[in-house]
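Some notes on the structure that comes next.
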Amino acid sequence: MLLATWNVNSIRARLPKVLGWVQKRRPDVLCLQEIKCLDEQFPRAEFEAEGYAVETFGQKTYNGVAILAREPLADVTRGFTGGDEGGARVLAATVGGLRVVNAYVVNGKEVGHEKYALKLRWMEALAAHVALELQRHPRLALLGDFNVTFDDLDVYDPVGWHEQILCSTPERQALARFTAAGLVDSYRQFVKDGGHYTWWDFRTRGFLGNRGLRIDHVLLSAEALRGCEGVEIDVEARKGEAPSDHAPVLVRLS
DNA sequence: ATGGCTTGAGTGTCAAGA
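Residue 316 in the working numbering sits at position 44 of the first sequence; the count goes up by one each step and never skips.
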């Protein structure tokens with residue numbers, strides 16, 4: 273099973289890019305973040321025509337997540353207890369015996385901002401939710417845009433980003449709650465060196481100099497990790513006309 | 001450089017992203 277996550281920064285603005293990528297890579301499960309539309313505005317028919325089942329949890333203008341899968345999506349849940357404050361950001365479903373939890377973590381704006389406090393609260397509530405999901409579904413993947421780096425290996429300029437948003441100690445501690453609950457950062461099981469990122473700033477043209485951050489993650493339970501054969505950040509998808517500012521992350525599971 | 005770029009909303013310019 274090929275499992276993927278991609279913050280597409282508007283599915284309607286990115287439709288040709290995402291459709292072309294799906295045709296090329298044929299992921300079995302694709303989790304999307306920042307679809308930025310209502311459920312009824314999602315280009316469902318275009319993906320169904322490619323053989324995908326589609327579940328969405330959207331809202332007007334901001335946020336919004338979706339799961340596409342080549343097998344039926346069962347036990348679909350939208351949001352979680354304690355997560356309403358952040359908007360439409362978490363969508364879960366079971367596919368092929370794997371519990372898939374698709375998350376778009378609150379950005380937080382800047383350290384100390386009220387949205388930063390919301391981010392930390394929201395992540396704590398999500399950790400509690402995922403712990404419950406893990407009890408019921410030992411084979412689980414929590415994946416998406418976490419808006420947090422694990423450590424300085426995930427940062428192109430650790431001095432410049434020191435204790436800044438996406439890199440602060442409290443955010444990293446909140447991220448560590450997921451690993452403490454038994455989930456593993458699949459990427460680091462395979463890639464031990466730095467310089468591998470999933471997001472690059474539009475404004476500074478960060479992609480040109482690979483000035484990026486690794487903030488999109490695929491976390492796997494021990495049972496799911498046992499079948500993990502490889503990981504990839506598809507930087508090719510960050511190139512070309514009108515790309516998202518994020519690249520997709522893929523994992524191969526047996 | 002509270003900037004630079006991109007999107008959505010809505011038709012002038014701001015909010016939000018990370």
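Glycine is no exception: its CB is placed at the ideal position from the N, C-alpha and C atoms. Since the structure is predicted, the reported quantities are computational estimates derived from the model, not experimental observations.
**Request:** Measure the alpha-carbon distance for glutamine 461 versus valine 290 and round it to whole angstroms.
**Result:** Between glutamine 461 and valine 290, the C-alpha separation is close to 27 angstroms.
**Prompt:** Can you name, in chain order, every residue of its own chain whose Cβ lies under 8 angstroms from the Cβ of glycine 355, other than the five neighbours on each side?
**Reply:** Here glycine 355 has Arg361, Val362, Trp394, Ala397, Leu398, His401 as same chain residues with Cβ atoms under 8 angstroms from its own Cβ, once five neighbours each way along the sequence are excluded.
**Asked** Using the beta-carbon count (16 or more within 10 Å), is glycine 484 buried or exposed?
**Response** It is buried - the Cβ of glycine 484 has at least 16 other Cβ atoms within 10 Å.
**Item:** Buried or exposed (CB count within 10 angstroms, at least 16 for buried), glutamine 436
**Value:** Per the 10 Å Cβ criterion, exposed.
**Request:** Express the C-alpha separation of alanine 448 and tyrosine 224 in angstroms, rounding to a whole number.
**Result:** Residue numbering for the chain in the displayed model covers 273 to 526; residue 224 lies beyond these limits and cannot be assessed.
**Request:** Would you please state the rounded distance, in angstroms, between the beta carbons of leucine 455 and serine 493? I believe it to be under 8 angstroms.
**Result:** Confirmed, Cβ separation roughly 6 angstroms.
**3-residue-minimum beta strand (DSSP E) runs that sit fully inside the region 441 to 509, ordered along the chain** = DSSP runs (the beta strand (DSSP E)) wholly in the region 441 to 509: 488 to 492, 500 to 505.
**Message:** Can you give me the C-alpha to C-alpha distance between glycine 358 and tyrosine 334, rounded to a whole angstrom?
**Reply:** Each residue's alpha carbon lies about 10 angstroms from the other.
**Item:** Distance between aspartate 506 and phenylalanine 479 (C-alpha atoms, nearest Å)
**Value:** Going by the C-alpha atoms only, they are around 13 angstroms apart.
**Request:** Would you grab the beta carbon distance between valine 372 and valine 301 for me? Rounded to a whole angstrom, and I think it's under 8 angstroms.
**Result:** With 8 angstroms as the limit, valine 372 and valine 301 qualify as a contact, their Cβ atoms being about 6 angstroms apart.
**Request:** Have a look at leucine 497 and threonine 470 and give me their C-alpha separation to the nearest angstrom.
**Result:** One C-alpha to the other measures close to 21 angstroms.
**DSSP-derived helix/strand/coil call for isoleucine 339** = DSSP places isoleucine 339 in strand when its eight states are reduced to three.
**Request:** Would you tell me roughly how many angstroms separate the C-alpha atoms of phenylalanine 418 and alanine 509, rounded to the nearest one?
**Result:** So the alpha carbons of these two residues sit roughly 19 angstroms apart.
**Prompt:** Which whole-angstrom value is the C-beta distance of threonine 366 and alanine 346, which I expect to be below 8 angstroms?
**Reply:** Rounded to whole angstroms, the Cβ separation of threonine 366 and alanine 346 is 5 angstroms, and the two are in contact under 8 angstroms.
**Message:** For the beta strand (DSSP E) containing glycine 416, name the first residue and the last one.
**Reply:** Per DSSP, the unbroken beta strand (DSSP E) holding glycine 416 starts and ends at 412 to 417.
**Message:** Ignoring anything shorter than 3 residues, give me the beta strand (DSSP E) runs that lie fully in the region 342 to 405, in order along the chain.
**Reply:** As far as the region 342 to 405 is concerned, its whole beta strand (DSSP E) runs of at least 3 residues are 346 to 350, 362 to 367, 370 to 376.
**Message:** At the level of alpha carbons, what is the spacing between glutamine 407 and alanine 453?
**Reply:** About 10 angstroms.
**Item:** Coarse secondary structure for alanine 276, derived from DSSP in three states
**Value:** Alanine 276 falls in the strand class under three-state DSSP.
**Message:** Please classify leucine 404 as buried or exposed, where buried requires at least 16 neighbouring CB atoms within 10 angstroms.
**Reply:** With fewer than 16 other Cβ atoms inside 10 Å of its own Cβ, leucine 404 counts as exposed.
**Asked** Would asparagine 482 be called buried (16 or more neighbouring beta carbons within 10 Å of its own) or exposed?
**Response** Exposed.
**Prompt:** How close, in whole Å, do the beta carbons of phenylalanine 329 and arginine 350 come, if the pair is a contact with beta carbons under 8 angstroms?
**Reply:** That pair is a contact at about 4 angstroms.
**Request:** Please classify glutamine 305: does DSSP put it in a helix, a strand, or coil?
**Result:** DSSP places glutamine 305 in the strand class (E or B) of the three-state scheme.
**Item:** Inter-residue spacing [alpha-carbon to alpha-carbon] between valine 521 and glutamate 504
**Value:** Between the alpha carbons of valine 521 and glutamate 504 lies a distance of about 6 angstroms.
**Residue(s) in a DSSP beta bridge with threonine 328** = Partner(s): Ala338.
**Message:** Can you tell me whether leucine 438 is helix, strand or coil according to DSSP?
**Reply:** Of the three classes helix, strand and coil, the one that applies to leucine 438 here is coil, per DSSP.
**Message:** Just to confirm my understanding: we take tyrosine 324, look at its own chain, exclude 5 residues before and 5 after, and list those with CB closer than 7 angstroms. What are they?
**Reply:** Excluding sequence neighbours, tyrosine 324 sits near Leu340, Ala341, Arg342.
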